[in-house]
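Engineer:
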Amino acid sequence: MIQYKSTRGSRNVKSGAQAIIKGIAEDKGLYVPETFPKLQVEIQDLIDCDYRQVAKAVLPQFLTDYTQEELAHCIDSAYDEKFEAPEVVPVVKADNAWFIELYHGKTAAFKDMALSILPYLLTTAMKKEREESKIVILTATSGDTGKAALEGFADVPNTEIVVFFPDSGVSQVQKQQMVTQEGANTHVFGITGNFDDAQTGVKHIFGNAAYAKTLADMGCKLSSANSINIGRLVPQVTYYVWSYVQLVKQGALKAGEPMNVVVPTGNFGNILAAYYAKQMGIPIHRFICASNENKVLTDFINTGCYDISERAFHVTNSPSMDILISSNLERLLYHLSGNDGDEVKALMDGLDQNKKYQVSEKIKEGLKEFYGGFADEKETKAAIGELYSKTQYLMDTHTAVAYKVYQDYRAETGDETPTVIASTASAYKFAEAVCDAVGLPQFRNGFDAISALNAFTGVTVPKGLRNLESKKVLHTGVVDKDALWDAVKGSLE
Ligand SMILES: *Cc1c(COP(=O)(O)O)cnc(C)c1O
Numbered sequence: 004m005i006q007y008k009s010t011r012g013s014r015n016v017k018s019g020a021q022a023i024i025k026g027i028a029e030d031k032g033l034y035v036p037e038t039f040p041k042l043q044v045e046i047q048d049l050i051d052c053d054y055r056q057v058a059k060a061v062l063p064q065f066l067t068d069y070t071q072e073e074l075a076h077c078i079d080s081a082y083d084e085k086f087e088a089p090e091v092v093p094v095v096k097a098d099n100a101w102f103i104e105l106y107h108g109k110t111a112a113f114k115d116m117a118l119s120i121l122p123y124l125l126t127t128a129m130k131k132e133r134e135e136s137k138i139v140i141l142t143a144t145s146g147d148t149g150k151a152a153l154e155g156f157a158d159v160p161n162t163e164i165v166v167f168f169p170d171s172g173v174s175q176v177q178k179q180q181m182v183t184q185e186g187a188n189t190h191v192f193g194i195t196g197n198f199d200d201a202q203t204g205v206k207h208i209f210g211n212a213a214y215a216k217t218l219a220d221m222g223c224k225l226s227s228a229n230s231i232n233i234g235r236l237v238p239q240v241t242y243y244v245w246s247y248v249q250l251v252k253q254g255a256l257k258a259g260e261p262m263n264v265v266v267p268t269g270n271f272g273n274i275l276a277a278y279y280a281k282q283m284g285i286p287i288h289r290f291i292c293a294s295n296e297n298k299v300l301t302d303f304i305n306t307g308c309y310d311i312s313e314r315a316f317h318v319t320n321s322p323s324m325d326i327l328i329s330s331n332l333e334r335l336l337y338h339l340s341g342n343d344g345d346e347v348k349a350l351m352d353g354l355d356q357n358k359k360y361q362v363s364e365k366i367k368e369g370l371k372e373f374y375g376g377f378a379d380e381k382e383t384k385a386a387i388g389e390l391y392s393k394t395q396y397l398m399d400t401h402t403a404v405a406y407k408v409y410q411d412y413r414a415e416t417g418d419e420t421p422t423v424i425a426s427t428a429s430a431y432k433f434a435e436a437v438c439d440a441v442g443l444p445q446f447r448n449g450f451d452a453i454s455a456l457n458a459f460t461g462v463t464v465p466k467g468l469r470n471l472e473s474k475k476v477l478h479t480g481v482v483d484k485d486a487l488w489d490a491v492k493g494s495l496e
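Using the numbering used here, read the sequence shown as starting at 4 and increasing by one per residue.
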């Protein structure tokens with residue numbers, strides 16, 4: 004049986020269902036599995052399985068308190084025809100890498116992989132735990148989580164969802180996706196600040212006992228749809244198992260041989276899921292962590308020092324990675340420290356107080372499995388243009404950051420281990436930059452860019468982005484970054 008503990012040393016253990024309902028631990032730590040489960044099937048036995056069947060081999064190992072039937076229901080309800088690709092997650096070779104296309108869900112970004120199943124995991128958990136309060140999902144977004152969470156939770160009984168996004172830090176398409184969201188339980192606000200302000204504001208609300216009391220009096224309880232919720236992380240492990248199986252199936256490697264994983268990284272959730280897949284038994288050689296100009300993780304992996312004290316925040320053409328405080332790194336620190344909650348708490352307090360911390364030699368040693376690199380905006384666009392003219396394969400800006408860092412990694416190390424790249428969004432979500440990259444004129448309007456890019460490449464526009472421009476705007480609120488609580492309270496009254 005797998006139980007969940009806080010990264011900051013609190014002794015309380017929780018079942019999977021309890022950890023998913025709570026979202027974040029009382030000591031502000033993140034829930035982590037006490038031990039890592041192993042896959043109980045051979046890779047060979049997964050070769051002819053579809054995505055849902057692979058998920059059914061992964062999720063029960065982590066969520067041991069759910070029954071097989073409960074998880075089968077969650078998995079089958081989440082990964083159905085909502086996904087526009089019949090494989091759910093195609094694994095496509097282009098140039099010298101395999102792209103794990105994680106963006107064929109409703110909102111055209113990889114967040115759908117976890118957020119299409121989280122509402123089912125959460126409502127099942129509420130039934131199991133006889134939870135009678137209304138669950139209020141509180142979410143800070145750099146653009147993609149917000150929409151995916153809204154789609155997942157819209158009109159789910161006994162839930163409300165409140166989303167905060169940086170008003171001038173998301174793409175036009177991302178913003179339009181969120182402010183046109185339907186559903187009586189959905190609440191969406193821009194904030195005057197960046198993503199870190201939104202995330203910090205939300206974490207403060209979670210940590211405030213007086214707010215919790217006010218909410219309890221209203222019959223409500225907070226939970227999170229951010230990747231601090233273990234219910235987001237666990238479903239993401241599946242696609243690393245899935246992509247390994249697809250590489251074996253396509254003959255790129257034999258079962259047991261290693262692969263590398265490249266992940267365009269923001270909050271460190273996606274790459275951490277790859278790390279969890281390795282702990283389950285998937286042979287992953289290197290974790291290649293790709294950042295944009297907000298390269299705090301590149302520097303951290305190279306030096307063991309996490310330092311945001313004198314770092315400017317850059318708004319880039321890969322906005323979903325414009326993050327300086329990568330929440331899920333805390334989980335990696337916990338695992339690499341040998342499950343030392345006191346050590347992690349001291350590091351996190353250091354980050355709070357001094358805006359930096361230096362890890363121990365032991366953690367540094369563990370970081371050697373990771374490679375950190377970054378690409379600036381120009382290099383990102385150049386990568387899109389080059390790969391497209393070479394192979395006709397179209398990447399979005401985030402995936403392009405990963406592709407560029409992978410080319411640097413190969414040149415630097417000569418490592419030719421078969422490699423998968425997490426392809427995290429449809430190019431149409433960031434069409435302005437992608438148009439420019441493939442040699443089309445620069446468009447100010449994201450919707451004009453979508454049409455032009457479609458006419459030029461012939462790549463199908465995802466359903467969720469068609470006719471988006473003419474949808475009715477339903478959410479117009481913009482709040483000060485210090486006034487998030489008032490917005491939450493107001494939404495529930
Ligand atoms: C969220 C997001 C990322 C970053 O993923 P993390 O799990 O936060 O590291 C990268 N690309 C896109 C398109 C995203 O939406």
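The beta carbon of each residue, even a glycine, is placed where N, CA and C say it ideally should be.
Determine the direct distance from the alpha carbon of alanine 276 to that of valine 237, and round the result to whole angstroms.
Structural biologist: For valine 237 and alanine 276, the distance between alpha carbons rounds to 7 Å.
Engineer: Can you tell me whether phenylalanine 192 is helix, strand or coil according to DSSP?
Structural biologist: Looking at phenylalanine 192 - three-state DSSP - the assignment turns out to be strand.
Engineer: Less than 7 Å between the beta carbons of serine 136 and glycine 234, yes or no?
Structural biologist: Not a contact, by the Cβ cut-off of 7 Å.
Engineer: Less than 6 Å between C-beta atoms, sequence neighbours within five positions excluded: which residues of the same chain meet that for histidine 288?
Structural biologist: Around histidine 288: Pro261, Asn263, Thr420.
Engineer: Reducing DSSP to helix, strand and coil, say where tyrosine 279 ends up.
Structural biologist: It is helical.
Engineer: Heavy atom of ligand 1 less than 6 Å from the Cβ of proline 322, yes or no?
Structural biologist: Answer for proline 322: no, Cβ out of range of ligand 1.
Engineer: Along the chain, where does the alpha helix (DSSP H) containing glutamine 239 start, and where does it finish?
Structural biologist: Glutamine 239 -> alpha helix (DSSP H) spans 233 to 252.
Engineer: Can you determine whether any heavy atom of ligand 1 sits closer than 6 Å to the C-beta of asparagine 273, and answer yes or no?
Structural biologist: The answer is yes for asparagine 273.
Engineer: Grouping DSSP H, G and I as helix and E and B as strand, with all else coil, what is arginine 55?
Structural biologist: In the structure shown, arginine 55 sits in a helix (DSSP, three-state: H, G or I).
Engineer: Do the CB positions of alanine 151 and aspartate 200 come within less than 7 Å of each other?
Structural biologist: Their beta carbons are not under 7 Å apart, which means alanine 151 does not touch aspartate 200 by this criterion.
Engineer: Find out if the Cβ-Cβ distance for the pair arginine 11, valine 251 is shorter than 7 Å.
Structural biologist: Going by C-beta atoms, arginine 11 is not nearer than 7 Å to valine 251.
Engineer: Please report the distance separating the alpha-carbon of glycine 193 from that of valine 482.
Structural biologist: Those two C-alpha atoms are separated by around 6 Å.
Engineer: So, under 8 Å CB-CB, leucine 335 and tyrosine 278 are touching, yes? Tell me the CB distance rounded to an integer number of Å.
Structural biologist: Between tyrosine 278 and leucine 335 the Cβ distance is about 7 Å, and since that is below 8 Å, they are a contact.
Engineer: Who does aspartate 483 pair with in a DSSP beta bridge?
Structural biologist: According to DSSP, which records beta bridges pairwise, aspartate 483 is partnered with Thr195.
Engineer: With a cut-off of 8 Å on the beta carbons, I'd call alanine 378 and alanine 293 a contact; round off their distance for me.
Structural biologist: Right, their Cβ atoms sit about 7 Å apart.
Engineer: Runs of 4 residues minimum, wholly inside the segment 445 to 479: which ones carry the alpha helix (DSSP H) assignment?
Structural biologist: For the segment 445 to 479, whole alpha helix (DSSP H) runs of length 4 or above, ordered along the chain, are 449 to 460.
Engineer: Within 8 Å, do at least three Cβ pairs link the segment 293 to 302 to the segment 177 to 184?
Structural biologist: No: fewer than three Cβ pairs fall under 8 Å.
Engineer: I think glutamate 163 touches valine 139, with their Cβ atoms under 8 Å apart; what is that distance to the nearest whole Å?
Structural biologist: Contact flag correct, Cβ pair sits at about 5 Å.
Engineer: Reducing DSSP to helix, strand and coil, say where aspartate 355 ends up.
Structural biologist: In this structure, aspartate 355 counts as helix in the three-state DSSP scheme.
Engineer: Would you tell me roughly how many angstroms separate the C-alpha atoms of cysteine 308 and serine 363, rounded to the nearest one?
Structural biologist: So the alpha carbons of these two residues sit roughly 10 Å apart.
Engineer: Is it buried or exposed, glutamine 202, if we count other Cβ atoms within 10 angstroms and call 16 or more buried?
Structural biologist: Burial call: buried.
Engineer: Anyone know if the C-beta pair for glutamate 37 and glutamine 6 falls short of 7 Å?
Structural biologist: For glutamate 37 and glutamine 6, yes; Cβs fall inside 7 Å.
Engineer: Using DSSP with H/G/I as helix, E/B as strand and the rest coil, what is histidine 76?
Structural biologist: In the structure shown, histidine 76 sits in a helix (DSSP, three-state: H, G or I).
Engineer: Say the cut is 6 Å; is the CB of proline 465 nearer than that to a heavy atom of ligand 1?
Structural biologist: It does not: the Cβ of proline 465 is nowhere closer than 6 Å to a heavy atom of ligand 1.
Engineer: Any idea what DSSP makes of glutamine 395, helix, strand or coil?
Structural biologist: In this structure, glutamine 395 counts as coil in the three-state DSSP scheme.
Engineer: Nearest by alpha-carbon distance to histidine 107: which of Ile326, Asn357, Ala425 is it?
Structural biologist: The residue with the shortest Cα to Cα distance from histidine 107 is Ala425.
Engineer: Can you list, in chain order, the residues of its chain with a C-beta nearer than 6 Å to that of glutamine 445? Leave out the 5 residues immediately preceding and following it.
Structural biologist: Within the same chain, glutamine 445 has close Cβ partners Asp439.
Engineer: Expressed to the nearest angstrom, what Euclidean distance is found between the alpha-carbon atoms of leucine 105 and alanine 428?
Structural biologist: Cα to Cα, leucine 105 sits roughly 7 Å from alanine 428.
Engineer: Starting from alanine 100, trace the alpha helix (DSSP H) both ways and give me its first and last residue.
Structural biologist: Where alanine 100 is concerned, there is no enclosing alpha helix (DSSP H), although the beta strand (DSSP E) it sits in stretches over 100 to 104.
Engineer: When you compare the CB positions of aspartate 345 and glycine 376, do they come within less than 7 Å of one another, or not?
Structural biologist: Cβ distance not < 7 Å, so aspartate 345 and glycine 376 don't count as in contact.
Engineer: Quick one, which of Thr127, Lys474, Gly196, Phe102 has its alpha-carbon nearest alanine 537's?
Structural biologist: Missing from the structure shown is residue 537; the chain here goes from 4 to 496 and no further.
Engineer: Against chain D, does alanine 212 count as a neighbour if the rule is that its beta carbon must be under 7 Å from one of theirs?
Structural biologist: Among the protein chains of the structure shown there is no chain D, as only one such chain exists.
Engineer: Of all the options Val441, Ser454, Lys381, which has the alpha carbon lying nearest to the alpha carbon of lysine 393?
Structural biologist: Checking every option, the nearest Cα to that of lysine 393 belongs to Val441.
Engineer: In three-state terms, what does DSSP make of proline 122?
Structural biologist: Three-state DSSP puts proline 122 in a helix.
Engineer: Throw me the rounded Cβ distance for the alanine 33 and leucine 141 pair, which I believe falls under 8 Å.
Structural biologist: The identity of residue 33 in the sequence shown is leucine, whereas the question assumes alanine. Incorrect: roughly 15 Å between the Cβ atoms, too far for contact.
Engineer: Nearest to isoleucine 311 by CA position, among Asn273, His338, Asn342, Leu354, is which residue?
Structural biologist: Selected option, being the one with the closest Cα: Leu354.
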